[in-house]
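Asks: I'd like to ask some things about the structure below.
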Amino acid sequence: MSSNFGRCIICTLAFERDDISALRCGHTYHFECISTWINTSKSCPTCRKKNLPRDIIRLYVDEPDKSMCQFPDSETSANAEYEQKIKTLESQLKEILQEKIKVDDELAREKTMNNDLKARIRHKDEHIKRLEGILVDQDAMKKENSRLKQQLKASDFYSYVCKISSTANETEIEDIINMYSTKNGDPNCGEFLKLIRKQMRAMEQKNKELLEQIRKERLENSKKDKEIERLREEISQSRKRTKVPSTSKESPMATRQRTARPSFGFSFCEEDSEIQIISGGSPSSPMRLSNSGRD
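Here the sequence shown stands for residues 1 to 295, where the numbers follow the UniProt record's numbering.
This is the structure:
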């Protein structure tokens, strides 16, 4: 059937009298073409005014007077051929439009999946940042642990500082330890060398004091040995000069006798400070000695 109602700008095909639709703006299209278009873009293809599916109006046109629309046979045959091609193209267009709808749906699903993936990626990135923060903290703790281990390795050197004062608090001890260690916790060789020299000087001074004390003790012992030797000599001389008779039972002096020590040959009386020489008999004339051992 010939058509002289114009063409649809969407598919560029001629209108059929039973397939014409219009929008509120007045522009006409094929019903299928404009329905698909409005579902996608929500606007008129010609003027871009906003339209909704409910704004599509189907037009019903009366058949024109055939007596006024006669064409030669050749033209009629050409038109029929064109109409057949048009229908074929329209069918192809509909298939393309349907495929486009499917592609649009697939694209929408892909966009949704893409948004979901982006959200998951953001979540993973935040998780990775938290893990990186934890790793940084762990590295800092490892460095601190390594520094403390270095300090522990030098604990034999540091132990003396804990004995400096029984009243020293932890802060003072920590300051002293830091003075003898480097930033990485290793012993400070220069400071320890100064410390060792200071300790050596202190020990040398103490050694001198001990030697002086030993010298004084030896001198004092030498004096005492000489005094003992002198007293022994005086006692020996007194024994030689003195003859002591045997003591009788009736002698009143017998009660004051004491047993003589084997090493010296004399005894001390508890009642007085006199020393009585005993030679086995009654003493006829006891010798009195002073506390110093002299006659």
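The beta carbon of each residue, even a glycine, is placed where N, CA and C say it ideally should be.
Are the beta-carbon atoms belonging to CYS11 and LEU93 less than 8 Å from one another?
Replies: Indexing the sequence shown from 1 puts residue 11 at position 11. Indexing the sequence shown from 1 puts residue 93 at position 93. Cβ distance < 8 Å, so CYS11 and LEU93 count as in contact.
Asks: With H, G and I counted as helix, E and B as strand and the rest as coil, what does DSSP make of ILE57?
Replies: As a working mapping, residue 57 is identified with position 57 in the sequence shown. Strand at ILE57.
Asks: Does the Cβ-Cβ distance between ILE34 and SER21 come in under 8 Å?
Replies: One-based indexing of the sequence shown puts residue 34 at position 34. One-based indexing of the sequence shown puts residue 21 at position 21. Yes, these two residues count as a Cβ contact at 8 Å.
Asks: Could you give the distance in angstroms between the alpha-carbon of SER43 and the alpha-carbon of ASN79?
Replies: Numbered from 1 along the sequence shown, position 43 holds the residue referred to as residue 43. Numbered from 1 along the sequence shown, position 79 holds the residue referred to as residue 79. So the alpha carbons of these two residues sit roughly 33 Å apart.
Asks: For SER35, report the span of its beta strand (DSSP E) as first-last.
Replies: Working through the sequence shown from its first residue, we reach residue 35 at position 35. First-last for SER35: 31-41, but that is the alpha helix (DSSP H), not the beta strand (DSSP E).
Asks: Taking the C-alpha atoms as reference points, what is the distance between ASN51 and GLY133?
Replies: Indexing the sequence shown from 1 puts residue 51 at position 51. Indexing the sequence shown from 1 puts residue 133 at position 133. Between ASN51 and GLY133, the C-alpha separation is close to 54 Å.
Asks: Suppose you measure from the CA of GLN150 to the CA of LEU117; what does that come to, to the nearest Å?
Replies: Counting from 1 along the sequence shown, the entry for residue 150 is found at position 150. Counting from 1 along the sequence shown, the entry for residue 117 is found at position 117. Those two C-alpha atoms are separated by around 48 Å.
Asks: Express the C-alpha separation of TYR29 and ASP18 in angstroms, rounding to a whole number.
Replies: Looking up residue 18 in the sequence shown gives position 18. Looking up residue 29 in the sequence shown gives position 29. For ASP18 and TYR29, the distance between alpha carbons rounds to 12 Å.
Asks: May I ask which residues mark the beginning and end of the beta strand (DSSP E) holding ALA22?
Replies: As a working note, residue 22 is residue 22 in the sequence shown. That run of the beta strand (DSSP E) goes 20-22.
Asks: Tell me the rounded alpha-carbon separation between ALA202 and GLN138.
Replies: The residue labelled residue 202 in the question sits at position 202 within the sequence shown. The residue labelled residue 138 in the question sits at position 138 within the sequence shown. Each residue's Cα considered, the two are about 45 Å apart.
Asks: For SER115, I'd like the list of residues in its chain whose CB is within less than 7 Å of its CB, leaving aside the five on either flank, ordered along the chain.
Replies: Stepping through the sequence shown from its first residue, residue 115 is reached at position 115. Contrary to the premise, residue 115 reads as Asn rather than Ser in this sequence. So the list is empty, once near-sequence residues are dropped.
Asks: Could you say which of PRO53, CYS47, GLN84, THR46 lies nearest to GLU16 if we only look at CA atoms?
Replies: Indexing the sequence shown from 1 puts residue 16 at position 16. Ranking the options by Cα distance to GLU16, first place goes to GLN84.
Asks: Round the Cβ separation of THR40 and ASP104 to the nearest angstrom and send it over; I've been treating them as touching at under 8 Å.
Replies: Position 40 of the sequence shown, counting from 1, holds the residue named residue 40. Position 104 of the sequence shown, counting from 1, holds the residue named residue 104. Rounded, the Cβ-Cβ distance is 7 Å, consistent with contact.
Asks: Quick check: what's the CA-CA separation for ARG7 versus ALA14?
Replies: Here residue 7 is taken as the residue at index 7 of the sequence shown, counted from 1. Here residue 14 is taken as the residue at index 14 of the sequence shown, counted from 1. For ARG7 and ALA14, the distance between alpha carbons rounds to 4 Å.
Asks: Determine the direct distance from the alpha carbon of GLU81 to that of MET113, and round the result to whole angstroms.
Replies: Residue mapping note: residue 113 aligns to position 113 of the sequence shown, counting from 1. Residue mapping note: residue 81 aligns to position 81 of the sequence shown, counting from 1. Their backbone Cα atoms lie some 47 Å apart in a straight line.
Asks: What's the gap between the Cα of THR122 and the Cα of LEU131?
Replies: Position 122 of the sequence shown, counted from the start, is the residue given in the question as residue 122. Position 131 of the sequence shown, counted from the start, is the residue given in the question as residue 131. First, the amino acid is wrong: residue 122 is Arg here, not Thr. Spanning the two alpha carbons is a distance of roughly 14 Å.
Asks: By the three-class DSSP mapping on this structure, what secondary structure does LYS100 have?
Replies: On the sequence shown, residue 100 is found 100 positions in, with the first residue counted as 1. Helix.
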